[in-house]
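Under the UniProt record's numbering, the sequence shown has 162 at position 162, and the numbering climbs by one with no breaks. Report on the structure given below.
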Amino acid sequence: MCALHSARAIEPVQDSAPDIGAIVYENDKYPDELFKWIVSQCQARGLALAGVLQYPAFEGVDPSCDVVLEDLVSGRRTVLFDDRGSGASGCRLDVGALLEAAMEIERGFETNPSLLVLNKFGKIEAEGGGMCGVMAKALERGIPVVIGVPARNLEAWRNFADEFATELPGDIDQIERWLARLG
Numbered sequence: 001m002c003a004l005h006s007a008r009a010i011e012p013v014q015d016s017a018p019d020i021g022a023i024v025y026e027n028d029k030y031p032d033e034l035f036k037w038i039v040s041q042c043q044a045r046g047l048a049l050a051g052v053l054q055y056p057a058f059e060g061v062d063p064s065c066d067v068v069l070e071d072l073v074s075g076r077r078t079v080l081f082d083d084r085g086s087g088a089s090g091c092r093l094d095v096g097a098l099l100e101a102a103m104e105i106e107r108g109f110e111t112n113p114s115l116l117v118l119n120k121f122g123k124i125e126a127e128g129g130g131m132c133g134v135m136a137k138a139l140e141r142g143i144p145v146v147i148g149v150p151a152r153n154l155e156a157w158r159n160f161a162d163e164f165a166t167e168l169p170g171d172i173d174q175i176e177r178w179l180a181r182l183g
């Protein structure tokens, strides 16, 4: 059950197409606190949000493998990786769980959000699947997007997002200026 789409650049819907804020970070150093800060800043301004925050699934385990996405609208939590047992090494993404999370995010578009928050442009997205369709639908609806992009996927990200993305380092001032443009 793997519905991957070929990678493509996002086509403009209007002359002033909404922007995508891409927070570029070092591989395996996901900026969880930065994303929590973004969500709290937007909520403090009364902005409606759609999307997800990423959390570790279990205390003390490999944070790159055991990830839970919490939907910002429904609060639903989705574990993204298969439990392969204590002797297994490496990660195996549960593509079905990722698709469920994507559908939950899309349901959140009914709230007319001011921003879509996505945890990362990972391997599946770099191959054109995962949350790529969700981002395209958000832009079609005029919803700006903020997403994490690990350095290893930066070239694929640039090919996907093209001129619609603003790359943001983990600098609070730059991210604040980008967020200030939201409604």
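By construction, the Cβ of each residue, glycine as well, lies at the ideal position given by its N, Cα and C atoms.
Suppose you measure from the CA of residue i to the CA of residue j; what does that come to, to the nearest Å?
i: C42; j: R92; result: 33 Å
i: F121; j: D173; result: 23 Å
i: M135; j: A102; result: 10 Å
i: K137; j: R107; result: 11 Å
i: F55; j: E163; result: The sequence shown places Tyr at residue 55, rather than the Phe named in the question. Cα to Cα, the separation comes out at about 30 Å.
i: V95; j: L116; result: 21 Å
i: A161; j: L168; result: 14 Å
i: I147; j: E33; result: 14 Å
i: G130; j: F81; result: 13 Å
i: R181; j: Y25; result: 22 Å
i: D71; j: W157; result: 23 Å
i: L98; j: E104; result: 10 Å
i: K36; j: D66; result: 18 Å
i: L118; j: I124; result: 14 Å
Between which residues of its own chain and residue i is the CB-CB distance below 7 Å, once the five residues before and five after are set aside?
i: P113; result: A48, L49, A50 and I143
i: G170; result: I23, Y25, P31 and L34
Kindly list the residues whose CB is nearer than 6 Å to the CB of residue i, restricted to its own chain and excluding five residues on each side of it in sequence; keep chain order.
i: D15; result: Any reading at D15 must be qualified, since the residue scores a pLDDT of 39, below 50, and its modelled position is unreliable; the value itself is stated next. Cβ within range, chain order: n/a, list empty.
Return helix, strand or coil for residue i, following the three-state DSSP convention.
i: G133; result: helix
i: F81; result: strand
i: L118; result: strand
i: I143; result: coil
i: L98; result: helix
i: A48; result: coil
i: D28; result: coil
So, for residue i: in the same chain, excluding its five sequence neighbours on each side, which residues have a beta-carbon less than 8 Å away from its beta-carbon?
i: E176; result: Q41
i: T166; result: D19, I20, G21, A22 and W178
i: V68; result: Q54, Y55, P56, A57, R77, T78, V79 and L80
With 16 as the cutoff for other CB atoms within 10 Å, does residue i come out buried or exposed?
i: P12; result: Low local confidence applies: a pLDDT of 35 at P12 is under 50, so the model's placement there is unreliable, with the coordinate-based value given in what follows. It is exposed - the Cβ of P12 has fewer than 16 other Cβ atoms within 10 Å.
i: H5; result: Model confidence at H5 stands at a pLDDT of 40, short of 50, so the residue's coordinates are unreliable; what they give is reported in the following sentence. So H5 ends up on the exposed side.
i: N153; result: buried
i: G75; result: exposed
i: E155; result: exposed
i: T111; result: exposed
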